[in-house]
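Numbering (this note's numbering), first residue to last: 3 to 179. Ideal Cβ placement from N, Cα and C applies to all residues, glycine included. Predicted model, so just to flag it, every value in this text is computed and none were measured.
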């Protein structure tokens, strides 16, 4: 708004100065002409088009500039809904351990089982030599330790760390997620 007002005030002055510079007049004639005849001054007309619709506006102040975009926090992925496909797994089985960790952290047990199945074939001793990614959820040792893991070969420890990371929106850590 201040910029608009400054433009309205400065533009007639600037137009007058530019008109005087481009058409020099002898000093004596200027004094005589200013006393005998009124001099026309070019005043820039305001733009009467609405930039949003490119249609003429009839009156009123120009619309305010659009507000800058507001940074919004990244959306937290919602856990997938578990679909029961039979009796619950034994708590001592790998699937049972994964489902228990998922329940503790509030994420989908079937989603976690599908990630582990994709990553390691549900094998707690799986090793990917090109990584090196280790264990049930194929963690890097540094990632596993940084998130509180202590025994990378433990299905319970890997499941708890994976569930914690998924609950905190870190599904992007797994290509299978």
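query	result
What separation, rounded to the nearest whole angstrom, lies between the Cα atoms of residue 147 and residue 69?	44 Å
Three Cβ pairs or more, each shorter than 8 Å: is that satisfied between the stretch 94–112 and the stretch 130–137?	no
Can you tell me which of 160, 166, 105, 94 puts its alpha carbon nearest to the alpha carbon of residue 121?	160
Helix, strand or coil for residue 162? Go by DSSP, reduced to three states.	helix
How big is the Cα-Cα spacing for residue 104 and residue 71?	36 Å
Per DSSP, residue 130 is paired with what?	135
Would you kindly report the start and end of the unbroken alpha helix (DSSP H) that includes residue 146?	143–148
Inspect the beta-carbon positions of residue 136 and residue 96 and report whether they are closer than 7 Å.	no
What does the Cβ neighbour count give for residue 152, buried or exposed, with the cut at 16 atoms within 10 Å?	exposed
Take the Cβ of residue 11 as the centre, count every other Cβ of all protein chains shown within 10 Å, and call the residue buried at 16 or more, exposed below.	exposed
What does the alpha-carbon distance come out to for the pair residue 168 and residue 94?	22 Å
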